[in-house]
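Below is one structure, written out as C-alpha cells, with a few remarks after it.
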Amino acid sequence: SKLTIPQAAFLAGLPQSPISYSPYESTGEMKSEEDIELGIKRSKDVLYNMYRTGVLSQEDYETYKAYDIKQDFLPAENASVTSKGFLYFTALDEATKIMYD
C-alpha cells in the first residue's frame, strides 16, 4: 500500500527476467541508461496491460506512463563480496547434517 502505481508496475515486471529488468548490476552498481531502459519499457508494458484490462483509466495510464521511475531507484552501493545469502546457509546446514549424521 506504500508503493505508487508506477513502482508497483516496475516490480511486477521484474519476475519475467529479473537480471535483465533490474536497474542494478550484480555488483550493486547502477546499470547504464540503455540497460535501465529495458526495465522501464517492461514496466510501461505492465501499465498498458493494466489500462487494457480496465484497471487504469486512459488518463491514469498516460500519467503513470510519463512518470520518471528512475527518481525512485535507491543510490547504487557496492555489493559485499563477503555477504552470504540464503543458498549459502542452506547448503552449509545440509552439509553439516550429512557430515555429522
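So the sequence shown is numbered by my numbering: it starts at 92 and just counts up by one. All C-beta atoms in this analysis are idealised placements derived from N, C-alpha and C, irrespective of residue type, glycine included. All figures in this text were calculated on a predicted structure; none of them were measured in a lab.
In this structure, DSSP gives Y158 a state outside helix and strand, which the three-state scheme calls coil. DSSP places V137 inside the alpha helix (DSSP H), whose first and last residues are E124 to R143. In this structure the region 129-138 does not touch the region 178-190; the number of beta carbon pairs closer than 8 Å is below three. Taking 7 Å as the cut-off, the Cβ atoms of G104 and V137 count as close.
Using a Cβ distance threshold of 7 Å, E128 and K122 do not count as a contacting pair.
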